[in-house]
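Participant:
In structure tokens:
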């Protein structure tokens, strides 16, 4: 019961601010509205007992990614308070496509036979993830740092070329 | 972690929001208002403000925020390691050392390329 109430409240937070993201005439406001959207999704992760993913969602998405998006906007004319329209003359076609997609997804969700017994969850997912990284998934863990290195070097090269 | 434990987080969130909203609400309800143009100026430490608050930022910030995102992701990986590394001993320590050294190469590269400098 409480879980359902929490789900509805968190979904409402995420959905209402997501609507602001795609409708606001001021793109800085759109970017800032991403924060409550991400926080609402964080709450949904917690309801799924994935608290490590929830922590990532707060630190990376609500923190770093939003800052990055804001900086990118502040570099452009959008940062000067320019008002923009987020829709063009293809609103009707877009709406139709969205409704069809939503109907398709809902249909698939309703027809799928979801497993009832998902098995026991570890008490703390962060601990289980750490244990996996340091025992069975060592190679993946180290390759992750290589991936980060590649993206760092790539980001510097791309950003310096633009200047 | 039990789902019920997150109730504390919810209570903290509500109290935190209230602590920000209540002073504003009290001022809105109680304070007398006699606005005139000087009063409506943005506070700039006593200096008369010039230009708009909406301004284009310097492009240099972009590179800093890109580097920040990468190292933010790196730090995320330290959390699960920090919880279990004592139980797993030397191997876990060496493994994280390799992880960090690989990223140290990235930091050295960023430093070398002047990505950390304001110029």
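Residue numbers (our numbering), protein chains in the order written: chain A, -7 to 155; chain B, 141 to 259. Don't be surprised by glycine CBs; every beta carbon is placed ideally from N, CA and C.
1. Are any of the Cβ atoms in chain A nearer than 9 Å to that of residue 148(B)?
2. Could you say which of 103(A), 63(A), 15(A), 99(A) lies nearest to residue 80(A) if we only look at CA atoms?
3. Identify each residue in the segment 57 to 90 of chain A for which the Cβ-Cβ distance to at least one residue of chain B is less than 8 Å, and report them in chain order.
4. Between the alpha carbons of residue 130(A) and residue 226(B), how many angstroms are there, rounded?
5. Taking C-beta pairs closer than 8 Å, name the residues in chain A that residue 253(B) reaches, listed in chain order.
6. In chain A, what lies closer than 8 Å to residue 246(B) by C-beta?
7. Tell me, please, whether the CB atom of residue 22(A) is closer than 9 Å to any CB atom in chain B?
8. With 9 Å as the C-beta to C-beta threshold (strictly closer), list the residues of the segment 156 to 188 of chain B near chain A in chain order.
9. If we call anything under 9 Å between Cβ atoms a contact, is residue 35(A) one with residue 6(A)?
10. Quick one, which residues of the segment 214 to 230 of chain B are near chain A if we go by CB-CB under 9 Å, in chain order?
11. Quick one: Cα of residue 42(A) to Cα of residue 117(A), how far?
12. Between 20(A), 123(A), 151(A), which lies nearest to residue 163(A) when the distance is taken from Cα to Cα?
13. Using a Cβ cut-off of 9 Å, which residues of the segment 189 to 201 of chain B contact any Cβ in chain A, in chain order?
14. Are the Cβ atoms of residue 243(B) and residue 211(B) separated by less than 9 Å?
Facilitator: According to the structure shown:
1. Counting from one through the second chain, the residue named residue 148(B) turns up at place 8. No, because no Cβ of chain A sits closer than 9 Å to the Cβ of residue 148(B).
2. Looking up residue 80(A) in the first chain gives position 88. Minimum Cα distance to residue 80(A) is reached at 15(A).
3. 57, 59, 60, 63, 64, 66, 67, 68, 69, 71, 72, 73
4. As a working mapping, residue 130(A) is identified with position 138 in the first chain. As a working mapping, residue 226(B) is identified with position 86 in the second chain. When rounded, the distance between both Cα atoms is 17 Å.
5. If you number the second chain from 1, residue 253(B) lands on position 113. Correct list: 148, 152.
6. The count along the second chain starts at 1 and reaches residue 246(B) at position 106. Here the neighbours are 140, 141, 144, 145.
7. For the purposes of this step, residue 22(A) is taken as residue 30 along the first chain, with counting starting at 1. So, not an interface residue.
8. none
9. As a position in the first chain, residue 35(A) is number 43, starting the count at 1. As a position in the first chain, residue 6(A) is number 14, starting the count at 1. Yes.
10. Taking 9 Å as the upper bound on Cβ-Cβ separation, chain A lies near residues 214, 215, 216, 217, 219, 220, 221, 222, 223, 224, 225, 227, 228 of the segment 214 to 230 of chain B.
11. For the purposes of this step, residue 42(A) is taken as the residue at position 50 of the first chain. For the purposes of this step, residue 117(A) is taken as the residue at position 125 of the first chain. Distance between the alpha carbons of residue 42(A) and residue 117(A) is about 6 Å.
12. The question about residue 163(A) has no answer, for chain A in this structure spans -7 to 155.
13. 192, 193, 194, 195, 196, 197, 198, 199, 200, 201
14. Looking up residue 243(B) in the second chain gives position 103. Looking up residue 211(B) in the second chain gives position 71. In contact: residue 243(B) and residue 211(B) (Cβ atoms closer than 9 Å).
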